[in-house]
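Reading through the structure tokens given below for one structure.
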Amino acid sequence: MAGAAALIAVLTVVSRLAGFGRTAVFTWTLAPTDLGGAYLVANYVPNFIFEIVAGGALASLVVPLLAGAVEAGDRRAVAATTGALLTWTLTLLVPLALLVALLADPLLGLLGHGLDAAQQDAGARMLRVFAPQLPLYGVGIVLTGVLQAHRRFAWPVIAPLLSSLTVIAVYLGFTALEGRRAGVGEVGPGGELLLSGGTTLGVVVLSLSLLIPLRRLGLRPRPGFRFPADARSRVGGLAVAGVVTVAAQQIALVVALNQVTYGRTADVGVYNLAQTIYFLPWSVLAVPLAVAAYPTLVAARATGDERAYRETLAPAVRGVVLFSLLGAAALVGAAGPVGHFFFDPADAGTAAAGIAGFAPGLLGYGLFAVLTRALYARGEARSATVATALGWLSVPALAVLLGQHLLPLADRVLAVTLATSAGMLLLGGLLIAAVVRSAGRSALAGVGRAGAAGLLAAAVAGLGGAATARGLAGLTGGTPTTAEALGQGMLSGVVVGALFLAVAWSTDARDVRPLLAAVTRRLGRRRPPGGGGGPREDQRPGERGDGKETVSS
17 MAGAAALIAV
27 LTVVSRLAGF
37 GRTAVFTWTL
47 APTDLGGAYL
57 VANYVPNFIF
67 EIVAGGALAS
77 LVVPLLAGAV
87 EAGDRRAVAA
97 TTGALLTWTL
107 TLLVPLALLV
117 ALLADPLLGL
127 LGHGLDAAQQ
137 DAGARMLRVF
147 APQLPLYGVG
157 IVLTGVLQAH
167 RRFAWPVIAP
177 LLSSLTVIAV
187 YLGFTALEGR
197 RAGVGEVGPG
207 GELLLSGGTT
217 LGVVVLSLSL
227 LIPLRRLGLR
237 PRPGFRFPAD
247 ARSRVGGLAV
257 AGVVTVAAQQ
267 IALVVALNQV
277 TYGRTADVGV
287 YNLAQTIYFL
297 PWSVLAVPLA
307 VAAYPTLVAA
317 RATGDERAYR
327 ETLAPAVRGV
337 VLFSLLGAAA
347 LVGAAGPVGH
357 FFFDPADAGT
367 AAAGIAGFAP
377 GLLGYGLFAV
387 LTRALYARGE
397 ARSATVATAL
407 GWLSVPALAV
417 LLGQHLLPLA
427 DRVLAVTLAT
437 SAGMLLLGGL
447 LIAAVVRSAG
457 RSALAGVGRA
467 GAAGLLAAAV
477 AGLGGAATAR
487 GLAGLTGGTP
497 TTAEALGQGM
507 LSGVVVGALF
517 LAVAWSTDAR
527 DVRPLLAAVT
537 RRLGRRRPPG
547 GGGGPREDQR
557 PGERGDGKET
567 VSS
């Protein structure tokens, strides 16, 4: 499991860098223009509709429905369940995509009412080309779940990397054809189609590239609406859990953005940047452990092996706790330099405060990643749903309280990020209680020890990193340049990492050692000539060397 997590983490870093590169290229080529605004609004529509209608349900369904059959070697059940998931996905989302294409004009008018008439017309034309993204996203989530259930973790992380590279090429091609920062009135039909069609091509790559590893599994999904009996009894609860989770998240996001808009003009962009930085350590440090553990948790529960379930969950949660607290320390330590790297001095302080405000929430958000999966694996979707809804729905209430009553208007970004952190900590605590009720305290053995060690290490490392950044800023005198901010951030990050490792090792070497060993082993692994000796991704499921990235921790 630790080896799989290390693989996922390394690939995720590369994929995230490509995603940042895509955003940077878009900013350089198109973002400040009226066409860029229309493009962003239009491209948001299929994402938003998919997440509300199907994204959460599918994400929560696939692995729990498949992992037991995969572990048992029941390929007929796996094929039938996969076929049913794909059939239902396409049956729901293809008509919805057609509806979006037909209603492109009113949808753009609703979501982009601040755009002028020319922008809305261009956005509607692009939205018609974006509409096929809806079923493509659905197929991608199903195929990702199928691969993860078979413990094939590489391609679900490689696919976003390939998609980002595709879209970067599209942006650069558009710029070569139409010029940099071309507006709506300057772009011909061919350029507009290249931009919209190329973006949808990126989603094609994102989803359909997963057919390559699926083919290596030798799996032949059977179209049909009927799930196998065992899966049929679990579909409803898992689907409801996913829908409620996403709906609660969307409500929290909408209210948070609404509160931020009452602040300074730049606050929306500052909040977006702070949130992007917040997601980075979560996706790189916490999610890989949760994803790697999930299939084993589901399989253990399906076979009634409670010991395997507990022995998988406890180290995964300890690792998530330590890594989340490391990420929180990094956010605090590097918040100042990051703010100055991305923003002018007038907004850098707001960005730094927002990033630091998100930091405590990383612990709860990391627990969300692993413990919701742990509960889904046990069939406890209801408990996960209640905890998730309460945690996320507390965010808007706290954002209003902090933003409108306790903090000044100038601190609106900080108010929203602190509200998010408080909500995530509540969510994490509720999930811990739910897991203890369902699986017993032994399922979280050692988590208190890891949490205490991680909190101490995070406090020392975060303060040390922040002090380093302030000291370096004092040496340069005045506001740091972009290059100076980059250097300060890198040095602060090194200090945070060194201090966290030193304190955590001295207080909880038992948990730090296997995590560190797995990461260094993955980074330093070299395959022997001829490719032997390592797990092969094209071997059949059920064999010991079937590509399962599992290393004893």
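Going left to right, the sequence shown walks through residues 17 to 569 as our numbering numbers them.
Glycine included, each C-beta is placed from N, C-alpha and C at the ideal position.
Since we're looking at a predicted model, the values are computed, not measured.
Around the beta carbon of M506, a 10 Å sphere encloses fewer than 16 other beta carbons of the protein chains shown; the residue is thus reported as exposed. Taking all protein chains in view, the Cβ of S522 is surrounded by fewer than 16 other Cβ atoms within 10 Å, so the residue is classified as exposed.
If you ignore the 5 residues before and after V116, its C-beta comes within less than 6 Å of the C-beta of A147, all in its own chain and listed in chain order. Considering only G218, Y187, I228, the residue with the shortest C-alpha distance to E208 is Y187. Per the Cβ contact rule, the stretch 322–341 is in contact with the stretch 300–307 (3 or more Cβ pairs under 8 Å).
Of the candidates L109, L211, G343, G343 places its Cα closest to the Cα of P376.
Leaving aside the five residues that flank G99 on each side, the residues in its chain whose CB is nearer than 8 Å to its CB run, in chain order, P237, R238, P239, G240. Non-local C-beta neighbours of L222 in its own chain, meaning closer than 7 Å and more than five positions away in sequence, comprise G156, A175, P176, S179, ordered along the chain.
Rounded to whole angstroms, the separation of the alpha carbons of G37 and G365 is 25 Å.
Taking the CA atoms as reference points, T495 sits about 15 Å from A351.
G478 places its beta carbon 8 Å or farther from that of L430. Per DSSP, reduced to three states, the secondary structure at A198 is coil, with no helix or strand assignment. Around S340, the same chain offers A302, L378, L379, G382 as residues with beta carbons nearer than 6 Å, after the five sequence neighbours per side are excluded.
Taken through DSSP and simplified to helix, strand or coil, V203 comes out as coil. Straight across, the Cα-Cα distance linking R428 with V57 is about 24 Å. Collapsing the DSSP output to three states places T404 in a helix.
The beta carbons of A459 and V451 sit closer together than 8 Å.
Cβ neighbours of A368 within its own chain (closer than 6 Å, five residues either side excluded): A351, G352, G355. Within the stretch 281–305, complete alpha helix (DSSP H) segments of at least 4 residues are found at 283–297, given in chain order. The Cβ atoms of L51 and V203 lie closer than 8 Å to each other. By the neighbour-count definition (other C-beta atoms within 10 Å, threshold 16), Q420 is an exposed residue. Distance check between L123 and each of S508, G206, D524, A54 places A54 closest, using alpha-carbon atoms only.
Excluding the 5 residues flanking it on each side, S225 has same chain C-beta neighbours closer than 6 Å at A175, L178, in chain order. Assigned with DSSP and collapsed to three states, Y278 falls in coil, not helix or strand. Beyond the five residues adjoining it in sequence on each side, Y153 comes within less than 6 Å, by CB distance, of F66 in the same chain, given in chain order.
C-alpha of R92 to C-alpha of V78: approximately 16 Å in a straight line.
Secondary structure note for F169: it is in no alpha helix (DSSP H), with a DSSP letter that is neither H nor E.
Using a Cβ distance threshold of 8 Å, R317 and A393 count as a contacting pair. For T495, there is no enclosing alpha helix (DSSP H), since its DSSP letter is neither H nor E. Of the candidates T404, A403, F384, V432, the residue whose Cα lies closest to the Cα of L417 is V432. Around A330, the same chain offers S458, A459, L460, A461, G462, V463 as residues with beta carbons nearer than 8 Å, after the five sequence neighbours per side are excluded.
Going by DSSP, H421 is part of no alpha helix (DSSP H) at all; its letter is neither H nor E. Contact between D524 and A469 holds: their C-beta atoms lie close to 4 Å from each other, under 8 Å. Note on geometry: alpha-carbon atoms of L81 and R168 lie some 16 Å from one another. In the DSSP assignment, R389 falls within the unbroken alpha helix (DSSP H) covering 377–393.
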